[in-house]
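Protein sequences appear in the order of chains A and B. Per our numbering, the very first residue in the first sequence carries number 10; after that it's consecutive. Per our numbering, the very first residue in the second sequence carries number 62; after that it's consecutive. Backbone N, C-alpha and C fix where the C-beta goes; we use that ideal spot for every residue, glycine too.
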Amino acid sequence: KNEVEQSPQNLTAQEGEFITINCSYSVGISALHWLQQHPGGGIVSLFMLSSGKKKHGRLIATINIQEKHSSLHITASHPRDSAVYICAVNETSGSRLTFGEGTQLTVNP
Amino acid sequence: SQTIHQWPATLVQPVGSPLSLECTVEGTSNPNLYWYRQAAGRGLQLLFYSIGIDQISSEVPQNLSASRPQDRQFILSSKKLLLSDSGFYLCAWSLDRATNQPQHFGDGTRLSIL
């Protein structure tokens, strides 16, 4: 069992739909990250969370430390949101990241 | 502002040949540096991380090595590449703090071994 698990693995949506990607982890963490990987491979850090909720534009990330669960939401999805979304955690032991396998999101026009 | 440069962007190498991938960071000092690999259809795997010059930790046994000859330079090397070394290699940096620092990624190197 992976220490960080994401669901779904693949997600196809129509433009405008509300999207949720989930991340569960089994280790103690000091922070959780949501990353976006575009088709060319480049990775961008979207959020770093240790509690509560953060919002940036149409993206919202939440974390429930007690339940060891985080969600990434995309409102009013757009084809340019198509990418792989990766959840990663900083274990309490240090700065290294442990990654989920990623969620491939495709938003169709 | 800080920037990270990684090169080359793509590389095709024969089995048994050597490898050198370079990563440099600008605009910060004493960063933590990381090398990751992403095999086809797989998640990211940490290969090496460094907290300072000549201070390298290896996460998985493998055919690769890393060096940090200067504060903001991180090099991934191999003396003899294997087919299984194919993948997408990413360099990243974070501030030199214990935890809770975002990592900033380079654009990656797509390595194909023939």
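Asked: Taking contact to mean 3 or more Cβ pairs, one atom from each stretch, closer than 8 Å, check whether the segment 32-43 of chain A and the segment 73-82 of chain A are in contact.; Found: yes
Asked: Please report how far the alpha carbon of tryptophan 68 (chain B) lies from the alpha carbon of alanine 101 (chain B), in whole angstroms.; Found: 20 Å
Asked: Which chain B residues sit within Cβ distance under 9 Å of histidine 42 (chain A)?; Found: Pro163 and Gln164
Asked: May I ask you to list, following chain order, the residues of the segment 122-150 of chain B that have a beta carbon less than 8 Å from some beta carbon of chain A?; Found: Phe149
Asked: Apart from the five residues just before and just after leucine 144 (chain B), which ones in its own chain have a Cβ nearer than 8 Å to its Cβ?; Found: Val76 and Ile174
Asked: Let me know the beta strand (DSSP E) ranges lying completely inside the segment 73-148 of chain B, each 3 residues or longer, listed in chain order.; Found: 80-87, 93-99, 105-113, 116-119, 126-131 and 134-139
Asked: Buried or exposed for phenylalanine 27 (chain A), please, with buried defined as at least 16 other CB atoms from any protein chain shown within 10 angstroms of its CB.; Found: exposed
Asked: For a contact meaning CB atoms closer than 9 Å, what does leucine 107 (chain B) contact in chain A?; Found: Arg105, Leu106, Thr107 and Phe108
Asked: List the residues of chain B that serine 54 (chain A) touches, going by C-beta distances under 9 Å, in chain order.; Found: Pro163, Gln164, His165 and Phe166
Asked: So, at 6 Å on beta carbons, what are the nonlocal neighbours of serine 62 (chain B) in its own chain, with the 5 sequence-adjacent residues on each side left out?; Found: Gly88
Asked: Show which residues of chain B have a CB atom less than 8 Å away from the CB atom of isoleucine 74 (chain A).; Found: Under the 8 Å cutoff, chain B gives no residues; its nearest Cβ is about 13 Å from isoleucine 74 (chain A).
Asked: Bridge partners for leucine 55 (chain A) per DSSP, in chain order?; Found: DSSP lists no partner for leucine 55 (chain A).
Asked: Would you tell me roughly how many angstroms separate the C-alpha atoms of proline 79 (chain B) and glycine 167 (chain B), rounded to the nearest one?; Found: 22 Å
Asked: With DSSP as the reference, please indicate the residues paired to phenylalanine 108 (chain A) in a beta bridge.; Found: A:Ala97
Asked: Do three or more CB pairs link the segment 89-106 of chain A to the segment 135-144 of chain B at distances below 8 Å?; Found: no
Asked: CA-CA distance, threonine 64 (chain B) and arginine 105 (chain A)?; Found: 20 Å
Asked: Return the chain-ordered list of same chain residues with a C-beta closer than 6 Å to the C-beta of leucine 58 (chain A), the five sequence neighbours on each side being excluded.; Found: Leu41, Ala70 and Ile72
Asked: Output needed in chain order: residues of the segment 83-102 of chain A with a Cβ under 8 Å from some Cβ in chain B.; Found: Ile95, Ala97, Asn99 and Thr101
Asked: Please report the distance separating the alpha-carbon of serine 128 (chain B) from that of proline 92 (chain B).; Found: 14 Å
Asked: Just to confirm the assignment, what range does the beta strand (DSSP E) spanning lysine 62 (chain A) have?; Found: 61-65
Asked: Arginine 98 (chain B) touches chain A at which residues, Cβ-Cβ below 7 Å?; Found: Neighbours of arginine 98 (chain B) on chain A: none; closest Cβ ~11 Å, over 7 Å.
Asked: For the candidate residues A:Ala22, A:Pro118, A:Cys32 and A:Pro48, whose alpha-carbon lies nearest to that of alanine 92 (chain A)?; Found: A:Pro48
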